[in-house]
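Top to bottom, those sequences are chains L and W.
Each residue of the first sequence is one higher than the one before, counting from 1 in our numbering.
Each residue of the second sequence is one higher than the one before, counting from 184 in our numbering.
A virtual CB, placed ideally from N, CA and C, is assigned to each residue, including glycine.
There are 2 protein chains.
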Amino acid sequence: MSANGNIPYRVDEAVLDPRIIDPHQELVEYSAMDDAEIAQITRVLVGIRRWRESEQAVSFQSRSHMRLNETDMKALRFLVVSKNQHAIVTPGGLAEHLNISTASTTKLLDRLSAAGHITRCPHPTDRRALMITITAHTHAQVRDTVGRIHARRFDVAARLTPAERETVIGFLNELSDAASTRE
Amino acid sequence: MSANGNIPYRVDEAVLDPRIIDPHQELVEYSAMDDAEIAQITRVLVGIRRWRESEQAVSFQSRSHMRLNETDMKALRFLVVSKNQHAIVTPGGLAEHLNISTASTTKLLDRLSAAGHITRCPHPTDRRALMITITAHTHAQVRDTVGRIHARRFDVAARLTPAERETVIGFLNELSDAASTRE
DNA sequence: TTATTTAGGTAGCTAAACTAGTAAATAACC
DNA sequence: GGTTATTTACTAGTTTAGCTACCTAAATAA
């Protein structure tokens with residue numbers, strides 16, 4: 001395991017090294033830096049991990065509250081968004097969005113329909129197709145959940161100064177670029 | 184749906200409003216702000232979403248490369264981390280970490296064992312229990328993957344100035360706090 | 001008008017979770 | 001010290017949610 005970019009790294013026997021950087025004992029060495037700087041960078045990485053974990057926890061909570069699996073929840077979110085856009089959702093379109101087969105989508109719609117979350121209606125123009133409509137109650141429920149999360153993020157971003165926002169935007173974009181680069 | 188914090192929000196009919204804030208047409212109104220500020224905040228939110236998506240993509244890539252499902256990969260990561268900490272992993276401990284039953288863990292270990300990723304060894308002190316050890320090849324492989332991701336994040340954080348890092352740390356921590364607060 | 005494609009559904013299969021119950025080892029209690 | 005309770009991993013059988021293959025009706029292309 002050698003350097004893969006401009007940072008040499010090592011992730012092993014971390015517990016033997018005084019510069020432990022996160023709760024899971026991963027270690028990145030960067031010899032040109034002093035300990036204080038490494039400690040600060042470590043706090044960034046811990047922040048990333050902590051945020052990811054809290055996001056997962058929130059998503060799990062809302063799903064288990066509505067007794068839905070991940071795909072079914074994703075389907076409902078898609079339906080809410082599509083309704084906002086006045087777009088018609090068909091089983092085929094849903095299958096494409098969720099990356100599952102149309103057969104699995106049939107089962108998914110059976111589940112959501114049985115639970116009273118959606119109804120299958122005739123498509124206004126294509127008599128082969130269906131129009132999936134989310135029920136009023138479920139629409140309000142999902143919209144509220146999504147909106148709450150969104151409002152919280154908005155709130156956090158709103159409290160930053162414009163300059164701080166640019167810093168955060170740059171950081172997030174670099175993280176995304178770094179993650180998607182396969183060298 | 185009324186205000187839940189200090190930001191009133193609305194997530195509906197977004198397409199009818201000029202201040203659309205993200206690709207999924209969710210909308211947060213904040214009447215005290217001008218459009219430029221809202222646009223900037225929107226870029227923060229888009230950055231968050233984009234990063235999440237790229238993280239998922241990377242995780243999926245590494246899993247499909249090793250032909251593992253999410254739980255199995257999580258198990259291997261846990262084994263690597265535990266090895267770094269010189270901690271013994273038992274099937275029971277693994278079940279607890281993964282939030283699955285011990286029966287499911289037995290099957291999981293069968294899969295990982297058949298693929299040559301782990302071996303079941305006798306526990307050094309408890310003759311009922313097992314000690315799960317990750318094979319050298321798999322250990323190196325997983326460690327490398329995790330290390331690479333980690334190194335990239337480290338690299339991005341390292342390129343920030345100390346002041347920028349504090350901004351990012353504060354932002355991430357506030358996001359985590361906001362997500363985990365259930366009011 | 002005929003042939004092909006498209007949309008959604010059915011049937012049956014599989015992976016990976018679950019619950020219930022088992023044998024062996026260990027811990028707790030008189 | 002011997003009996004009882006608990007813990008550990010496992011087996012067996014069930015459930016959930018995906019898949020492929022195939023079907024019918026409707027729309028579209030030749």
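Endpoints, the beta strand (DSSP E) within which residue i is located
| i | result |
| --- | --- |
| Arg-368 (chain W) | Not covered by the structure: residue 368 (chain W). The range shown for chain W is 184 to 366. |
| Ile-118 (chain L) | 118-122 |
| Leu-259 (chain W) | Run containing Leu-259 (chain W): none in the beta strand (DSSP E); it sits in the alpha helix (DSSP H), 253-267. |
| Thr-135 (chain L) | Segment: none, Thr-135 (chain L) is in no beta strand (DSSP E) and carries neither H nor E. |
Residue i (DSSP reduced to helix, strand or coil)
| i | result |
| --- | --- |
| Ile-332 (chain W) | helix |
| Thr-125 (chain L) | coil |
| Thr-90 (chain L) | coil |
| Ala-298 (chain W) | coil |
| Ser-284 (chain W) | coil |
| Arg-326 (chain W) | helix |
| Leu-27 (chain L) | With a pLDDT of only 46 at Leu-27 (chain L), under the threshold of 50, the placement of this residue in the model should not be trusted; the figure read from the coordinates follows. Residue state, collapsed to three classes: coil. |
| Pro-201 (chain W) | Its pLDDT being 29, under 50, Pro-201 (chain W) is placed unreliably in this model, and the coordinates cannot settle the point. |
Residue range of the alpha helix (DSSP H) that includes residue i
| i | result |
| --- | --- |
| Lys-350 (chain W) | Per the sequence shown, residue 350 (chain W) should be read as Thr rather than Lys. Taken as a continuous stretch (DSSP letters only), the alpha helix (DSSP H) holding Thr-350 (chain W) covers 345-363. |
(message) Under 8 Å: do the region 104-124 of chain L and the region 150-162 of chain L share three or more Cβ pairs, one atom per stretch?
(response) As far as the Cβ criterion goes, the region 104-124 of chain L does not touch the region 150-162 of chain L, which means the pair count is below three.
(request) Say whether the region 265-278 of chain W touches the region 300-318 of chain W, bearing in mind that this needs 3 or more beta-carbon pairs closer than 8 Å, one atom from each stretch. (result) Touching, yes.
(request) Quick one: which residues of the region 228-260 of chain W get their C-beta closer than 7 Å to a C-beta of chain L? List them in chain order. (result) Flagged, chain order: Leu-228, Gly-230, Ile-231, Arg-233, Trp-234, Ser-237, Glu-238, Ala-240 and Val-241.
(message) With three or more C-beta pairs closer than 8 Å as the rule, is the region 169-176 of chain L touching the region 69-79 of chain L?
(response) As far as the Cβ criterion goes, the region 69-79 of chain L does not touch the region 169-176 of chain L, which means the pair count is below three.
(request) Please list the residues of the region 323-351 of chain W that have a C-beta atom closer than 8 Å to any C-beta atom in chain L, keeping them in chain order. (result) Under the 8 Å Cβ criterion, the region 323-351 of chain W contributes Ala-323, Arg-326, Asp-327, Val-329, Gly-330, Arg-331, Ile-332, His-333, Ala-334, Arg-335, Arg-336, Phe-337, Asp-338, Val-339, Ala-340, Ala-341, Arg-342, Leu-343, Pro-345, Glu-347, Arg-348, Glu-349, Thr-350 and Val-351.
(message) I'd like to know if the region 62-70 of chain L and the region 36-54 of chain L are in contact, where contact means that at least 3 CB-CB pairs between them fall below 8 Å.
(response) Taking a contact to require three or more Cβ pairs closer than 8 Å, the region 62-70 of chain L and the region 36-54 of chain L do not qualify as touching.
(request) Mind the definition here: the region 218-227 of chain W touches the region 156-171 of chain L only if three or more C-beta pairs lie below 8 Å; say whether that holds. (result) With a cut-off of 8 Å, the region 156-171 of chain L and the region 218-227 of chain W count as touching, because enough Cβ pairs lie within range.
(message) Output needed in chain order: residues of the region 291-323 of chain W with a Cβ under 8 Å from some Cβ in chain L.
(response) Those residues of the region 291-323 of chain W that come within reach of chain L (Cβ to Cβ, closer than 8 Å) are Ala-323.
(request) Could you name the residues of the region 76-90 of chain L whose beta carbon sits closer than 7 Å to any beta carbon of chain W, in the order they occur along the chain? (result) Legend: CB atoms of the region 76-90 of chain L lying less than 7 Å from CB atoms of chain W belong to residues Val-81, Asn-84, Gln-85 and His-86.
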